[in-house]
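Peer 1: The following block contains the structure, expressed as structure tokens.
In mature numbering (1 follows the signal peptide of the UniProt record, and there is no 0), the protein residues as written are -24 to -1, 1 to 543.
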């Protein structure tokens, strides 16, 4: 639950940060009036002058190809500023920027008869001279070229604000977003390590991947503030962002489908995948619009899943639905660049909430399994020291001591060894396979003297390094003794065969005997004990099969990799 608290804290901070973005001009009570840009193809240094008449210039850029062109803005400052002003230029290409006829900055190198164009970046910031503080009309002139992507008519815009705010605002926002990205990166690694320890929980891996993709999305979105990206590679970043958004938009509803165990999952995922892929292909090239449509589609699918789950009486679905509705409210009230990530944070919090609930349920199930295992262990021990067992064993022991003292000693030693081994192994969750085999062999010796049946033991391909839950083979052996009749030669043979593959480990215990009728409709204490011990050590990564075979009876315990029990 710590991750839930951390992300909640970040959510509060990011909401506060987004509410602070409305103050765009720090030292001006009235925002400057900026005219629409005017364009002229050609190259004339006089076009930078303040008093130049550009009334006959075009309002559209036109096809500039690889030629130099100029753009002019007029700026009206309604009052004097008390601080330093900054100018932000958003454009595609390389340019030289002039303020009232004076060069104040360059972005790349403009292509002309002497120079080959060096692409500039999309967003540039410049400190304006002191003359910018004066009330009145000023001129911004840009001498530009856009040689590499000349057919892209992306808008050119100018914005004036307090210079300190202009520089500080992206840094503050970016630093916070990177901190948030770091939190999601650490959360991603945390759940990845959890998955490595228990690889049957694929939903944990899915949550880890979503957190990592969300971290990558944050970093890519604000990478432009850390790295100078030429306009020629501007859309590469947006294409990667679109692909990440597509994957996230598919994984998040899939996560909810798994957590709420909805039916016909493959059909739903196929339809959803087709819809999301259709949106991405149809709106390819409309980058922000594509991301918005993918995010909204993800929200629609998630809400639909949650509503269906609520009808199926999943209590957690109500809180998830509230979180999804809150993300919609944030998306409506806060501008897109912030609302997109705040909405994602809320959705990830809903996912984390479900993860915490399911983890708690699994912990309760594991605790119940431990209690059941402990209770069954005690019942198993009582079964071996119950008066009926002791009375029959001692009666047989008296007869053997009277008739054959030497064999009676062997009988006593086998009985003592079995009780000693039972008392030792009962306290462990896993024991060496050799110790389990010794317990089985001791029990067969005891039962051989008690029932005067020739019990035989054989083992094949046993890996001495393997560990197994205590007394589960011993319990299967007891069932074989109870429900089997000797063969014609008066013997009952037990064969343990170990098989190992990269995916599984199998213990096959075959009883070579005639089978007694097996009662139906009732699960014995021994079978419950085996199931509890296997669940305690391997979770759900095991299976137990009992079936009649031509030789007699076979019990197969299968343990699935890559899960490893903790000794």
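Just so it is clear, CB atoms sit at the ideal spot from N, CA and C, and this is done for glycine as well. Bear in mind that the values here come from a model prediction, so they are computed numbers and not experimental data.
Pull up the distance between the alpha-carbon of residue 64 and that of residue 240, whole angstroms please.
Peer 2: 53 Å
Peer 1: Please report the residue range of the beta strand (DSSP E) in which residue 48 lies.
Peer 2: 45 to 53
Peer 1: In the DSSP output, what is residue 488 paired with across the bridge?
Peer 2: Answer by DSSP bridge pairing, in chain order: 469 and 528.
Peer 1: Any contact between the segment 185 to 200 and the segment 235 to 254? By contact I mean 3 or more CB pairs, one from each, below 8 Å.
Peer 2: no
Peer 1: Which stretch, first to last residue, makes up the beta strand (DSSP E) that contains residue 419?
Peer 2: Bounds of any beta strand (DSSP E) do not take in residue 419; it lies within the alpha helix (DSSP H) bounded by 409 to 427.
Peer 1: Can you tell me the Cα-Cα spacing of residue 136 and residue 281, whole angstroms?
Peer 2: Cα to Cα, residue 136 sits roughly 47 Å from residue 281.
Peer 1: Using 10 angstroms around the beta-carbon of residue 419, count the other beta-carbons present and answer buried if the total reaches 16, otherwise exposed.
Peer 2: buried
Peer 1: Can you name, in chain order, every residue of its own chain whose Cβ lies under 7 Å from the Cβ of residue 85, other than the five neighbours on each side?
Peer 2: 70, 91, 93 and 94
Peer 1: Using the beta-carbon count (16 or more within 10 Å), is residue 461 buried or exposed?
Peer 2: exposed
Peer 1: Could you tell me the alpha carbon to alpha carbon distance between residue 2 and residue 193, rounded to whole angstroms?
Peer 2: Note that residue 2 scores 42 on pLDDT, short of 50, meaning its location in the model is unreliable; the coordinates nonetheless yield the value given after this. The alpha-carbon atoms of residue 2 and residue 193 are separated by roughly 30 Å.
Peer 1: Three or more beta-carbon pairs under 8 Å between the segment 106 to 125 and the segment 42 to 49, yes or no?
Peer 2: yes
Peer 1: Per DSSP, what are the beta-bridge partners of residue 432 in this structure?
Peer 2: Checking the DSSP bridge columns, you'll see residue 432 partnered with 469.
Peer 1: On the criterion of 16 or more Cβ atoms from any shown chain inside 10 Å, does residue 41 qualify as buried, or is it exposed?
Peer 2: exposed
Peer 1: Have a look at residue 535 and residue 228 and give me their C-alpha separation to the nearest angstrom.
Peer 2: 31 Å
Peer 1: Below 8 Å, can you find three or more Cβ-Cβ pairs linking the segment 261 to 269 to the segment 290 to 299?
Peer 2: Segment contact: the segment 261 to 269 against the segment 290 to 299, fewer than three CB-CB distances shorter than 8 Å; contact not assigned.
Peer 1: Quick one: is residue 138 buried, meaning 16 or more other Cβ sit within 10 Å of its Cβ, or exposed?
Peer 2: buried
Peer 1: Go ahead and pull the three-state DSSP assignment for residue 259.
Peer 2: coil
Peer 1: Rounded to whole angstroms, what is the Cα-Cα separation between residue 20 and residue 146?
Peer 2: 35 Å
Peer 1: What are the residues that DSSP puts in a beta bridge with residue 460?
Peer 2: In DSSP, residue 460 forms a bridge with 491.
Peer 1: So, using beta-carbon positions, are residue 300 and residue 323 closer together than 8 Å?
Peer 2: yes
Peer 1: Can you check the segment 121 to 187 for any beta strand (DSSP E) of at least 3 residues that lies completely inside it and give the ranges in chain order?
Peer 2: 133 to 138
Peer 1: Below 6 Å CB to CB, which residues in the same chain sit around residue 82 once its five sequence neighbours on both sides are set aside?
Peer 2: Scanning its chain for C-beta atoms nearer than 6 Å, with the 5 sequence neighbours on each side dropped, one finds around residue 82 the residues 72, in chain order.
Peer 1: What is the DSSP secondary structure of residue 557, reduced to helix, strand or coil?
Peer 2: Residue 557 is absent from the model: the chain starts at -24 and stops at 543.
Peer 1: Can you tell me whether residue 119 is helix, strand or coil according to DSSP?
Peer 2: strand
Peer 1: Taking the continuous beta strand (DSSP E) assigned at residue 593, which residues delimit it?
Peer 2: No answer is possible for residue 593: the residues shown for the chain start at -24 and end at 543.
Peer 1: Output yes or no for whether 8 Å exceeds the beta carbon distance between residue 182 and residue 225.
Peer 2: no
Peer 1: Output needed for residue 471: all residues of its chain with C-beta closer than 6 Å, excluding positions within five of it in sequence on either side, in chain order.
Peer 2: The beta carbon of residue 471 lies closer than 6 Å to those of 434 and 486 in the same chain, with the five residues before and after it left out.
Peer 1: Looking at the unbroken alpha helix (DSSP H) that takes in residue 213, where does it start and where does it end?
Peer 2: 210 to 235
Peer 1: Within 8 Å, do at least three Cβ pairs link the segment 424 to 433 to the segment 392 to 404?
Peer 2: no
Peer 1: Alpha carbon to alpha carbon, how far is residue 154 from residue 283? Give it in angstroms, no decimals.
Peer 2: 34 Å
Peer 1: Specify, as a first and last residue, the run of the beta strand (DSSP E) that residue 79 falls within.
Peer 2: 78 to 83
Peer 1: Rounded to the nearest angstrom, what separates residue 61 and residue 163 at their Cα positions?
Peer 2: 41 Å
Peer 1: If you compare alpha carbons, which of 479, 134 and 519 is closest to residue 99?
Peer 2: 134
Peer 1: Where residue 221 and residue 196 are concerned, what is the direct C-alpha to C-alpha distance, given to the nearest angstrom?
Peer 2: 11 Å
Peer 1: Could you check which residue in 210, 248, 106 and 199 has the C-alpha nearest to that of residue 128?
Peer 2: 210
Peer 1: In three-state DSSP terms, what is residue 288?
Peer 2: coil
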